[in-house]
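One structure is given below, encoded as structure tokens.
Residue numbers (my numbering): 3 to 340.
Structure follows, in structure tokens:
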């Protein structure tokens, strides 16, 4: 959720959605699944981005800017799907910039980009996302469009560590790509190559998995097309220490949340602000969010919120939000002064 203090233009740093507000307000939004039955009824169009469920709880949205990933916006016909009540309406854009498709909106529900099919596919701005599972010595490689929030992909990797690297590249839908690893250790990449299919915005399964036969500290990784042309230049990808640092941070955050449950329930008053952050990052469901909101007091809201902290990762995220929103309270508790 975003709380907009006044009229103007506001950008979400996670999704890169932009809202043009007529006055102050609250907008609740999340990524939902495309209905394949509705898409089957479209002629020569396919999804060109995630589908967003958007609800304005207070105030009004004048314009919505949806991020696209086209490298040549003039060659590709982009429109917006407005999905409501099991129906799909196609909205022509007000304008298309180098990064966003802009529409006027009157009624909120679900919105997502559509791309007209071309006889010859054009490259799009994409990203290479890496997740490492140390226990299995496996590196998962995702090739996804540039307008997919990495947090959405991260959700399926509960036990893996996100490897932060420079991820940007350009990939062409329908073309074949393959990973190249340079290491002294034995490994197998499966599949050896794969077709890039960006229209699968409902599923973010790994494009490749690289299985190492021994524990490795780092590899040099690149992505090339079937002709050997490098599309994502070689990077030194380091594994050693990454899992330990991330796991220690998550464990410390989760332990803090468990240890100080009683004090946090009594001390935190801006509970919905925290719930908004967790919901916008897909850490809690809409049902959980609604149950928290329905409670009459901040203390009861916090008790309900605690029932939603069902994994170490969610507790760690809750801890991060607490440090940002209630820095002095967290600091005092960590020093043992509260």
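Ideal Cβ positions, reconstructed from N, Cα and C, are used throughout, including at glycine.
Under the rule that a run must span 3 or more residues, the beta strand (DSSP E) segments found entirely inside the stretch 202-259 read 210-214, 220-227 and 232-240. Under the DSSP assignment, residue 78 falls outside any beta strand (DSSP E); it carries neither an H nor an E label.
Taking every protein chain shown into account, the CB of residue 321 has 16 or more other CB atoms within 10 angstroms, so this residue is buried. Burial is judged here by how many other beta carbons sit within 10 angstroms of a residue's own beta carbon; residue 114 has at least 16 and is buried. The beta carbon of residue 286 is closer than 6 Å to those of 280 and 310 in its chain, skipping five residues each way along the sequence.
Taking a contact to require three or more Cβ pairs closer than 8 Å, the stretch 35-46 and the stretch 80-90 qualify as touching. Sequence-distant Cβ neighbours of residue 228 in its own chain, meaning closer than 8 Å and more than five residues away, are 177, 178, 179, 180 and 195.
With a threshold of 16 other beta carbon atoms within 10 Å, residue 29 meets it and is buried.
Take the alpha-carbon of residue 102 and the one of residue 156: they are about 24 Å apart. For residue 171, the closest of 129, 190, 13 and 256 by C-alpha to C-alpha distance is 129.
With a cutoff of 9 Å on beta-carbon distance, residue 149 and residue 18 are scored as near each other. Taking one beta carbon from each stretch, the stretch 216-223 and the stretch 182-190 have 3 or more pairs nearer than 8 Å; the two touch. Across the structure, residue 202 and residue 145 are spaced so that their CA atoms are roughly 11 Å apart. Counting the other Cβ atoms within 10 Å of the Cβ of residue 231 gives fewer than 16, which makes it exposed. When C-beta atoms of the stretch 319-338 are compared with those of the stretch 255-266, three or more pairs fall below 8 Å, so the two segments count as touching. Judged by DSSP secondary structure, residue 151 falls outside any beta strand (DSSP E); it is assigned neither H nor E.
Cβ-Cβ separation between residue 71 and residue 147: approximately 5 Å, consistent with a contact (criterion under 8 Å). Under a 10 Å Cβ-count criterion, residue 282 is classified as buried, with 16 or more other Cβ atoms of the shown protein chains found around its own Cβ.
Straight-line measurement puts the Cα of residue 69 at about 13 Å from the Cα of residue 49. Burial check for residue 138: the Cβ neighbour count within 10 Å stays below 16, so the residue is exposed. Secondary structure at residue 181: strand, using DSSP grouped into helix, strand and coil. Cβ neighbours of residue 319 within its own chain (closer than 6 Å, five residues either side excluded): 285. A residue is called buried once 16 or more other Cβ atoms fall within 10 Å of its Cβ, and residue 32 is buried on that count.
Pairing residue 233 with residue 173 gives a Cβ-Cβ distance under 9 Å. Within the same chain, Cβ atoms closer than 8 Å to the Cβ of residue 305 are found at 267 and 297, the five residues on either side in sequence being excluded. For the set 95, 78, 55 and 63, the Cα lying nearest the Cα of residue 85 is the one of 55. For residue 66, same chain residues with a beta-carbon under 6 Å away, outside a window of 5 residues either side, are 105 and 107 in chain order.
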